[in-house]
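Below: the structure, in structure tokens.
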Amino acid sequence: MAANNADKHLYERVRSLDQSALAQIYDMYSTKIYRYIYHRVGNPDVAEDLTALTFTKMLEAIHSGRDWHTSFSGWLYRIAHNVVVDYFRKKGRAQYVTLDTGLPLHAEDMDPFQEAAKTLQREALRRAIDQLTPDQATVIVMRFLEGYSIAEVAKAMGKTEGAVKALQFRAVERLRHLMKDVS
Amino acid sequence: MSDPTRLERLFEEAVERIEAGEPVEQVLASYPADVARELEPLLSVVTLFDGFPEPPPRSPQRVAQGRAAFLAQAAQMQARPSLWDHLAQSFRSLLAGLSPSWQRAAMTVAALLVIVILGHTTLVRASQSLPGDPLYPLKRTWEGLTVLLTFSPEERASLQAEYIKRRQSEVSQVVQRRRPVDRLQWAGYIISIQGEMWQVDGQTLRVPKSARIVGTPAVGKWADVVAMAPGDGTLIAREIIIEEQPPVLSIPTPTPTATPTPSPTHTATPTATATPTPSPTPLPTSTPVPSATPTPTASPTPTHTATPTATPTPTETPTLTPSPTATPTIMHQPAVEFQGHIQQKDGTRWLIMNHIVDVSEATIDESKGSADVGAEVWVRGYDMGEYIKAEQVVVLWAIPHMDIPESITGIIESMNGDVWVVSGITIIVPGDAQIYGTPVVGRSVTVNLIHKADGRRIAREVYVHPQNPIHEFTAVLMAKDGHHWTIGGYVILVDDATSIEGDPQVGDVVDVRVEELPDGTYHALSIRVREKATPTPTPSTSE
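Following this line, the structure appears as structure tokens:
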């Protein structure tokens with residue numbers, strides 16, 4: 328309860344653009360948002376830029392009184408999702424080749440053809456995630472790429488576990504259809 | 136399988152089993168055929184996520200830069216005028232086009248409208264509000280209206296003086312209540328300046344380098360301060376406008392009483408940094424006037440001229456060395472007592488609230504703290520004309536030690552005993568600091584520390600960042616450009632620290648071991664030729 332009150336107090340201070348509260352929020356969320364965006368774009372530099380943009384949009388929203396209603400973190404992930412979608416809308420996925428900046432595997436483990444196929448599949452999956460709703464995309468990334476449990480995702484998004492399970496199920500069904508279209 | 140909720144539940148169950156390491160086929164086989172048929176395509180989507188690469192670690196420098204940029208943006212937004220400011224500005228512009236009599240009429244109507252629209256109760260509530268309260272802007276606007284509607288210059292000056300004091304009191308309350316407020320505004324004399332820590336009218340204020348300062352700050356000058364209160368009982372300056380003296384000098388005192396006011400010697404030094412005071416209305420000084428015991432010897436009270444001026448105001452700096460010849464017998468001098476901050480100390484001559492006080496024969500009570508510059512003291516003594524001969528000085532409030540927590544991320548540049556330099560910042564790392572990891576020169580660390588009022592930074596926790604990630608791979612050496620080689624499409628720094636086995640040439644297949652540097656680039660630790668490039672057959676020229 329004390330932690331909840333402390334969080335509530337922190338978020339209230341964020342609403343008034345209090346510097347120390349914003350610094351705390353940045354420390355708490357910037358890497359989480361970076362990782363979320365990286366999974367969506369597959370490029371660390373772009374992920375860094377879009378993370379910065381997410382926090383800028385967060386400030387603008389607070390300043391203009393369009394802030395969160397129930398869950399701050401759920402709201403922040405929704406901003407990040409929209410930033411990613413906007414990025415690709417403006418830039419166009421087709422022009423952007425995701426390289427998955429991880430280095431190639433050791434010679435013994437590497438099958439270049441299989442690796443190429445996997446890279447294309449990952450890119451198709453990223454494209455498909457862009458077409459999900461913000462909440463669905465957040466659940467998919469947090470659950471299957473960040474490895475959070477349903478309970479953890481529910482807490483981060485300010486939703487019940489049942490709601491997250493339903494979102495997850497619908498998101499996977501939608502991805503299945505989208506991936507079928509791709510293939 | 137018609138119940139979607141059941142399928143959702145079974146899907147989650149299957150996902151958890153796969154995450155626990157069970158093969159997908161085994162998981163599917165454990166369900167009835169119809170369920171397995173529905174789950175199979177969904178689980179195949181989930182397995183697609185297996186090959187996604189882990190995000191590379193963020194460079195601490197980039198994180199720090201992003202954080203600083205974010206906070207700077209936030210500060211800029213805070214400084215942007217609110218809707219209320221826009222409205223007030225528009226109203227003022229509207230009034231500027233009217234004659235004075237019409238302006239007053241408009242203001243009267245506006246005030247009446249405010250009362251009618253908001254009601255008396257709201258205005259009473261607003262009058263009790265503090266910065267950060269929703270009604271606070273109304274309080275400030277109401278004050279502005281009352282000043283504008285007060286036609287007598289004396290009354291108006293008195294009102295403005297009251298509002299100056301009210302601002303000072305509000306800041307005290309905000310600090311005492313540890314209330315976070317993003318914008319606080321008040322004005323007062325600079326009592327002390329010690330590094331980043333200033334005292335302005337009894338409030339201790341941190342003035343970071345990022346704060347905008349207009350004018351030349353000095354103890355004794357008047358400062359208009361815009362600051363923020365983070366909510367931890369401290370104040371952080373954003374903007375300080377230095378003025379030589381308050382925008383309004385004195386309340387026109389009706390009649391000189393028998394109470395003498397000590398009159399320190401003022402050395403008038405014109406200064407180019409003085410801010411012209413546009414205020415046409417003389418306001419009362421907020422300098423405390425000693426409340427001396429009335430005596431029949433009515434020495435003339437120094438009268439401050441209340442002439443409005445738009446010319447630079449001369450600096451009034453009391454000198455701490457009054458003429459020793461003017462030492463009348465104490466018993467015939469008027470007794471005075473007053474309270475104020477020590478502005479300056481020069482041996483036994485102290486400057487307290489612009490009064491020169493000789494403390495050579497005084498008893499100094501430091502039971503509540505030491506009588507440092509900035510401390511608030513109560514003084515009892517005798518007015519000797521050019522100075523006050525103190526009989527007793529009691530410290531009422533010593534300078535609090537402001538310990539400000541900070542976090543610094545950077546590279547350890549040197550470690551000399553408990554004195555480290557991290558990215559150019561000297562930090563004391565005492566024996567009781569918690570150190571996580573093995574710090575060595577060149578490693579990246581995050582130090583959580585306390586920035587003391589005296590400027591020292593004392594580390595509490597040191598987190599040594601993990602070493603740069605190491606990657607190994609096999610690829611073709613595609614190009615060599617000095618120290619930068621392209622291997623498998625990646626540009627890799629090759630330097631004297633790189634161990635090279637064989638004679639790598641473009642086209643060779645090489646085993647490479649690289650470290651990923653914080654900026655995302657790669658540095659080769661070792662390169663070994665695995666397979667030489669097949670030599671291209673040279674066409675025979677003899678044919």
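Here the protein sequences come in this chain order: X and W.
Heads up: the first sequence begins at 328 in this note's numbering, then just goes up one per residue.
Heads up: the second sequence begins at 136 in this note's numbering, then just goes up one per residue.
We put the CB at the ideal spot given by N, CA and C, even for glycine.
Reference residue i; option with closest CA among the options
| i | options | result |
| --- | --- | --- |
| W/K667 | W/V641, W/E331, W/Y271, W/A204 | W/V641 |
| W/Q208 | X/A490, X/L403, X/A379 | X/A379 |
| X/R449 | W/Y625, W/F187, W/V514 | W/F187 |
| W/G323 | W/Q329, W/D336, W/D616 | W/D336 |
| W/D507 | W/D268, W/S327, W/E189, W/V664 | W/S327 |
| W/V309 | W/S264, W/R484, W/G330 | W/S264 |
| W/D589 | W/S549, W/M332, W/E173 | W/M332 |
| X/Q458 | X/V411, X/D354, X/M355 | X/V411 |
| W/G624 | W/M550, W/Y657, W/Q320 | W/Y657 |
| X/T383 | X/N370, X/S357, X/Y338 | X/S357 |
| W/S198 | X/A464, X/W402, X/M355, X/G401 | According to the sequence as given, residue 198 of chain W is Val; it is not Ser. For the residues X/A464, X/W402, X/M355, X/G401, the minimum Cα distance to W/V198 belongs to X/M355. |
| W/G355 | W/V282, W/G279, W/I491 | W/I491 |
Residue i at chain W interface by Cβ criterion, 8 angstroms
| i | result |
| --- | --- |
| X/T358 | yes |
| X/E479 | no |
| X/A464 | no |
| X/M353 | The question names Met, yet the displayed sequence has Tyr at residue 353 of chain X. X/Y353 counts as touching chain W. |
| X/F496 | yes |
| X/E375 | yes |
| X/A434 | Low local confidence applies: a pLDDT of 43 at X/A434 is under 50, so the model's placement there is unreliable, with the coordinate-based value given in what follows. By this cut-off, X/A434 is an interface position. |
| X/V424 | Unreliable positioning characterises X/V424 in this predicted model, as indicated by a pLDDT of 41, which lies under 50. A coordinate reading is not provided. |
| X/L452 | yes |
| X/A421 | Per-residue confidence for X/A421 stands at a pLDDT of 43, beneath the threshold of 50, marking its modelled position as unreliable; the derived number appears in the next sentence. So, not an interface residue. |
| X/R393 | no |
Chain-ordered chain X contacts of residue i [CB-CB under 7 angstroms]
| i | result |
| --- | --- |
| W/Q208 | T383, L386 |
| W/D317 | S343, L344, D345 |
| W/Q213 | L344 |
| W/G186 | K445, R449 |
Residue i at chain X interface by Cβ criterion, 8 angstroms
| i | result |
| --- | --- |
| W/T388 | For W/T388, the pLDDT reaches just 34, beneath the cut-off of 50, and the residue's location in the model is therefore unreliable, leaving the point undetermined. |
| W/R663 | no |
| W/V354 | no |
| W/A322 | no |
| W/F146 | yes |
| W/V198 | yes |
| W/E374 | no |
| W/L628 | no |
| W/P272 | no |
| W/G366 | yes |
| W/P443 | Low local confidence applies: a pLDDT of 35 at W/P443 is under 50, so the model's placement there is unreliable, with the coordinate-based value given in what follows. No, W/P443 does not count as interfacial toward chain X. |
Contact list for residue i against chain W, beta-carbon separation under 8 angstroms
| i | result |
| --- | --- |
| X/E500 | L177 |
| X/M506 | V180, L183 |
| X/V371 | Correcting the residue identity first, residue 371 of chain X is Pro in this sequence and not Val. Ordered by position in chain W, the residues that pass the 8 angstroms Cβ test against X/P371 are P190, P191, R193, G655. |
Partner residues on chain W for residue i, Cβ-Cβ distance less than 7 angstroms
| i | result |
| --- | --- |
| X/Q448 | L183 |
| X/R362 | P190 |
| X/A407 | The contacting residues do not exist; X/A407 stays about 14 angstroms from chain W at best. |
9 angstroms Cβ cut-off: residues of chain X touching residue i
| i | result |
| --- | --- |
| W/D500 | Here the premise fails: no neighbours, minimum Cβ distance about 37 angstroms. |
| W/Q311 | The contacting residues do not exist; W/Q311 stays about 18 angstroms from chain X at best. |
| W/V143 | As written in the sequence, residue 143 of chain W is Glu, which differs from the Val given in the question. Ordered by position in chain X, the residues that pass the 9 angstroms Cβ test against W/E143 are G489, K492, A493, Q495, F496, R497. |
Partner residues on chain X for residue i, Cβ-Cβ distance less than 8 angstroms
| i | result |
| --- | --- |
| W/A204 | A379 |
| W/P269 | Simply none; closest approach about 11 angstroms. |
| W/M613 | Chain X residues near W/M613: none, gap ~13 angstroms exceeds 8 angstroms. |
Beta strand (DSSP E) segment containing residue i, residue limits
| i | result |
| --- | --- |
| W/K615 | 605–616 |
| W/Y625 | 625–628 |
| W/T339 | 338–341 |
| W/K524 | 523–532 |
| W/H490 | 490–493 |
| X/D372 | Where X/D372 is concerned, there is no enclosing beta strand (DSSP E), although the alpha helix (DSSP H) it sits in stretches over 371–390. |
| W/G268 | Correcting the residue type first, residue 268 of chain W is Asp in the shown sequence and not Gly. Unbroken run through W/D268: none, as it is neither H nor E. |
Where the alpha helix (DSSP H) through residue i begins and ends
| i | result |
| --- | --- |
| W/D359 | Per DSSP, W/D359 belongs to no alpha helix (DSSP H); it is in the beta strand (DSSP E), 357–364. |
| X/Y475 | Element bounds for X/Y475: n/a, residue is neither H nor E. |
| W/L486 | Segment 484–487 is the beta strand (DSSP E) holding W/L486; no alpha helix (DSSP H) there. |
| W/R692 | Chain W is shown from 136 up to 678; residue 692 of chain W falls before or after that span and cannot be answered. |
| X/Y356 | 346–368 |
Partner residues on chain W for residue i, Cβ-Cβ distance less than 9 angstroms
| i | result |
| --- | --- |
| X/R367 | Under the 9 angstroms cutoff, chain W gives no residues; its nearest Cβ is about 10 angstroms from X/R367. |
Query raised in the report: If you pair each beta-carbon of the segment 343–351 of chain W with each one of the segment 297–313 of chain W, do three or more pairs fall below 8 angstroms?
Result: Touching, no.
Query - Cβ pair count under 8 angstroms reaching 3, the segment 144–152 of chain W against the segment 172–181 of chain W - result: Taking a cut-off of 8 angstroms on C-beta distances, the segment 144–152 of chain W touches the segment 172–181 of chain W, as three or more cross pairs fall below it.
Query raised in the report: Between the segment 549–556 of chain W and the segment 515–534 of chain W, do at least 3 Cβ pairs fall closer than 8 angstroms?
Result: no
Query raised in the report: Touching or not, the segment 392–404 of chain X and the segment 482–498 of chain X, by the rule of three or more beta carbon pairs under 8 angstroms?
Result: yes
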